[in-house]
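Undergrad: My numbering numbers the first residue of the sequence shown as 1344 and each following residue consecutively.
A single structure is presented below for examination.
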Amino acid sequence: MLDLATLHEAIAAAVPDRECLVWRDRRMTWREVSERTRRLANVLHGNGLGLREEDRRASEPWESPHDHLALYLHNGPEYLEGLLGAHKARVAPFNVNYRYVDDELVHLFGDARPAAVMYHARFAPVIGRVVERLGRRPLLLQVADESGEGLLPGALDYEEALAKASPDPLHDVRPEPGDLHILYTGGTTGMPKGVLWRIGDLMIGPLGMRRRDGSPLTDLEEAVEKAVRSDHRVLIGPPLMHGAGTWSSLGGWCGGACVVFPERVDGLDAADLMATAERERVTRMPLVGDAFARPIVEVLESREHDLGSLRSFVNSAAAISPDVKRRLLDLLPHARIVDIVGSSESGFQVARSGSSARTFVPTPGTAVLSADRSRRLKPGEDEMGWLAKGGDAIPLGYLGDPEKTASTFLTVDGERLVVPGDRARLLADGTVEVHGREATTINTGGEKGFAEEVENVLRGLPGVADALVVGRPSERWGTEIVAVVRPVPSGAAPTDEELREGCAAHLARYKIPKAFVRTALDLRLPNGKADYATARSLVDGAG
1344 MLDLATLHEA IAAAVPDREC LVWRDRRMTW REVSERTRRL ANVLHGNGLG
1394 LREEDRRASE PWESPHDHLA LYLHNGPEYL EGLLGAHKAR VAPFNVNYRY
1444 VDDELVHLFG DARPAAVMYH ARFAPVIGRV VERLGRRPLL LQVADESGEG
1494 LLPGALDYEE ALAKASPDPL HDVRPEPGDL HILYTGGTTG MPKGVLWRIG
1544 DLMIGPLGMR RRDGSPLTDL EEAVEKAVRS DHRVLIGPPL MHGAGTWSSL
1594 GGWCGGACVV FPERVDGLDA ADLMATAERE RVTRMPLVGD AFARPIVEVL
1644 ESREHDLGSL RSFVNSAAAI SPDVKRRLLD LLPHARIVDI VGSSESGFQV
1694 ARSGSSARTF VPTPGTAVLS ADRSRRLKPG EDEMGWLAKG GDAIPLGYLG
1744 DPEKTASTFL TVDGERLVVP GDRARLLADG TVEVHGREAT TINTGGEKGF
1794 AEEVENVLRG LPGVADALVV GRPSERWGTE IVAVVRPVPS GAAPTDEELR
1844 EGCAAHLARY KIPKAFVRTA LDLRLPNGKA DYATARSLVD GAG
């Protein structure tokens, strides 16, 4: 197996002067990124961080033998340098949601136990308060930004620390494929959990290190040869604090691509994103459902862009409604959209391509388990089961949580599988019909309604910009389905009756929302995922 640090160094040795990372006026070559991340590794190692000798034989799947580096940053070069530099020092990096406030950070840091924190200067005040509450002081690396915030007492200025550090590799530290990479879940269905990935598993899983026949690519020389031939330039819009952004970036690097960031990195600016795509001749972009696709379509419809190099969009974490997908492909007929369903715990499980595809093709290792999670379903068994992932590329477990690890990572017929919580059917032709998270399933009148299924229909109706579906207590139904709808800004909003009629053409009667709540608020989190907390508060407020 391969590890990220060794592969990046090998690619840098093969193509040292090729562009590796672009943001604003910064154009960094593979040699420059390699040198800067070596310097960061030396800073971390020089402060005593790395693989803890006393814990290196940790055998439980929820244990980590590494020191941990928290990345509390907006997108930008320093975030990716933090990920790569940590692996070069055998420190396990983990993501921090930059929208968290004090109490949430105290909980997260109490769970993750960071030995070091890299943060943008604008977050210095909150970091200062949180460190005081923790009762212990990690190494603080402050990255300058436009905020003008001064350096926290005892913190190191990131650029000054790198300038003072050696650019040479750590001679007494050898990264290994078994080193850990921690991805914290978004916490949309409970408190965030740190998913423990071995970097070697992450590379042949979500980072895409596989041959065309699906077999793992684990030979260093072969991987470098493939990277040298690459002409990919990947534009990263989603935040790196979530899996879609990190995996797209690191997967691009593993394949020899140049990673490009738009000018604005503290939120989505679709005009800036597409201007960057045009200027930098990008070939691939990740999307996160309608929250990204719809504003991109509106920008492309407003003026012509030269995007002949853009060959593919990879969509994950949220669905793109049929009309938006059609409009995007009409604008860019030479490109394709690949929809992927997966999770922090499983990587990518199923995929589909094309505007009309309804079902998904399973990726290697994917299975659908029976409702009681005791066996694999066979194609065509008419049972609503659980989407699962096994094979050679799944995580170990959840950091510090043996109970949650045991309930999510199962052994079925001697095979270890992860079951993140998506309900699915395995159809007779071997494709998978995905119904969404159990956490968003609504039991109404003895029937199960899947929020994502109803949402997809609503988002495809005229006059609807976005929609989320939640359950509300009902004397008649136990729980009734209620839709929160954000109408398009222009034109008359569809009436309740028009929405019901539109749903009736695609959904069984019991799935049609019993009520509709309209809002002008954004129903998406910064990563494009559904903001169910806002939707529920709107429904509660409507009575």
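Every residue gets a Cβ at the ideal spot worked out from N, C-alpha and C, and that includes glycine.
Does the separation of the CB atoms of residue 1435 and residue 1525 fall below 7 Å?
TA: Taking 7 Å as the Cβ cut-off, residue 1435 and residue 1525 qualify as a contacting pair.
Undergrad: In the DSSP assignment, what are the bridge partners of residue 1859?
TA: Residue 1859 is bridged to 1826.
Undergrad: Would you check if the region 1535 to 1550 and the region 1461 to 1470 touch, i.e. whether three or more CB-CB distances between them fall below 8 Å?
TA: With the cut-off at 8 Å, the region 1461 to 1470 and the region 1535 to 1550 do not touch.
Undergrad: Mind checking whether residue 1850 and residue 1800 have CB atoms under 7 Å apart?
TA: Yes. Within cutoff.
Undergrad: Counting C-beta neighbours from all protein chains within 10 Å, is the total for residue 1413 16 or more, i.e. buried, or is it exposed?
TA: Buried.
Undergrad: Using only the alpha-carbon positions, how far apart do residue 1602 and residue 1692 sit?
TA: Their backbone Cα atoms lie some 24 Å apart in a straight line.
Undergrad: When the Cα atoms are used, what is the spatial distance from residue 1350 to residue 1513?
TA: Using only the alpha carbons, I get a separation of about 15 Å.
Undergrad: Which runs of the alpha helix (DSSP H) at least 4 residues long sit entirely within the region 1547 to 1617? Give them in chain order.
TA: The qualifying runs are 1563 to 1572, 1586 to 1597.
Undergrad: Here's the rule: buried if 16 or more other CB atoms are within 10 angstroms of the residue's CB, otherwise exposed. What is residue 1582?
TA: Burial call: buried.
Undergrad: Less than 8 Å between the CB atoms is what I'm expecting for residue 1571 and residue 1353, so what's the real figure, rounded?
TA: Between residue 1353 and residue 1571 the Cβ distance is about 10 Å, and since that is not below 8 Å, they are no contact.
Undergrad: Restricting to Cα atoms, I'd like to know which of 1576, 1595, 1806 is closest to residue 1667.
TA: When each option's Cα is compared against that of residue 1667, the closest is 1806.
Undergrad: Is residue 1850 helix, strand or coil when you go by DSSP?
TA: DSSP places residue 1850 in coil when its eight states are reduced to three.
Undergrad: Which first and last residues belong to the beta strand (DSSP E) in which residue 1462 is found?
TA: Note, residue 1462: beta strand (DSSP E), 1459 to 1463.
Undergrad: Suppose you measure from the CA of residue 1487 to the CA of residue 1370; what does that come to, to the nearest Å?
TA: One C-alpha to the other measures close to 18 Å.
Undergrad: Once DSSP output is grouped into helix, strand and coil, what is the label at residue 1887?
TA: The requested residue 1887 is not part of the displayed model; the chain covers only 1344 to 1886.
Undergrad: Only counting the same chain, and skipping five residues up and downstream in sequence, which positions put a Cβ closer than 6 Å to that of residue 1860?
TA: Around residue 1860: 1827, 1881, 1882, 1885.
Undergrad: DSSP beta-bridge partners for residue 1767?
TA: Its beta-bridge partners are 1728, 1777.
Undergrad: What's the gap between the Cα of residue 1460 and the Cα of residue 1862?
TA: Between residue 1460 and residue 1862, the C-alpha separation is close to 38 Å.
Undergrad: Could you tell me whether any Cβ in chain B is nearer than 7 Å to the Cβ of residue 1814?
TA: Structure shown: chain B not included; a single protein chain is present.
Undergrad: Going by DSSP, what residues sit across from residue 1376 in a beta bridge?
TA: Paired residues: none, contrary to the question.
Undergrad: Quick check on the burial criterion: 16 or more other C-beta atoms within 10 angstroms. Buried or exposed for residue 1754?
TA: Classification for residue 1754: exposed.
Undergrad: Beta strand (DSSP E) containing residue 1663: first to last residue?
TA: Careful: residue 1663 lies outside any beta strand (DSSP E) and carries neither H nor E.
Undergrad: If we count the other Cβ atoms within 10 Å of its Cβ and call it buried at 16 or more, is residue 1585 buried or exposed?
TA: The residue in question, residue 1585, is buried, as its Cβ has 16 or more Cβ neighbours within 10 Å.
Undergrad: Beta strand (DSSP E) containing residue 1413: first to last residue?
TA: Residues 1411 to 1415.
Undergrad: Within the same chain, show all residues whose beta-carbon is closer than 8 Å to that of residue 1621, passing over the 5 residues directly before and after it, in chain order.
TA: Excluding positions up to five away in sequence, the list reads 1648, 1649, 1650.
Undergrad: Assign residue 1868 to one of two classes, buried (16 or more other C-beta atoms within 10 Å of its C-beta) or exposed (fewer than that).
TA: Buried, by the Cβ-count rule.
Undergrad: For residue 1761 and residue 1689, what's the separation of their Cα atoms in angstroms?
TA: So the two alpha carbons sit approximately 6 Å from each other.
Undergrad: Applying the criterion that 16 or more other CB atoms from any shown protein chain within 10 Å of the CB defines a buried residue, is residue 1706 buried or exposed?
TA: Answer is buried; the Cβ neighbour count reaches 16.
Undergrad: Please classify residue 1732 as buried or exposed, where buried requires at least 16 other C-beta atoms within 10 Å of its C-beta.
TA: Classification for residue 1732: buried.
Undergrad: Quick one: Cα of residue 1598 to Cα of residue 1837, how far?
TA: In a straight line, the C-alpha of residue 1598 is about 46 Å away from that of residue 1837.
Undergrad: What is the DSSP secondary structure of residue 1654, counted as helix, strand or coil?
TA: In the structure shown, residue 1654 sits in coil (DSSP, three-state: anything other than H, G, I, E or B).
Undergrad: Go to residue 1691, then tell me how far its beta strand (DSSP E) extends in each direction, as first and last residue.
TA: 1690 to 1696 is the span of the beta strand (DSSP E), which, as asked, contains residue 1691.
Undergrad: Closest by CA to residue 1409, which one among 1419, 1393, 1712, 1402?
TA: Among 1419, 1393, 1712, 1402, the Cα nearest to that of residue 1409 is on 1393.
Undergrad: Ordered along the chain, which non-local residues of its own chain (more than five positions away) have a Cβ less than 8 Å from that of residue 1644?
TA: For residue 1644, where only same-chain residues beyond five positions count, the Cβ hits under 8 Å are 1670, 1674.
Undergrad: What's the call for residue 1971, buried or exposed, on a 16-neighbour Cβ count within 10 Å?
TA: Outside the shown range of the chain (1344 to 1886) lies residue 1971, about which nothing can therefore be said.
Undergrad: Quick one, are the C-beta atoms of residue 1539 and residue 1387 less than 7 Å apart?
TA: Contact: no.
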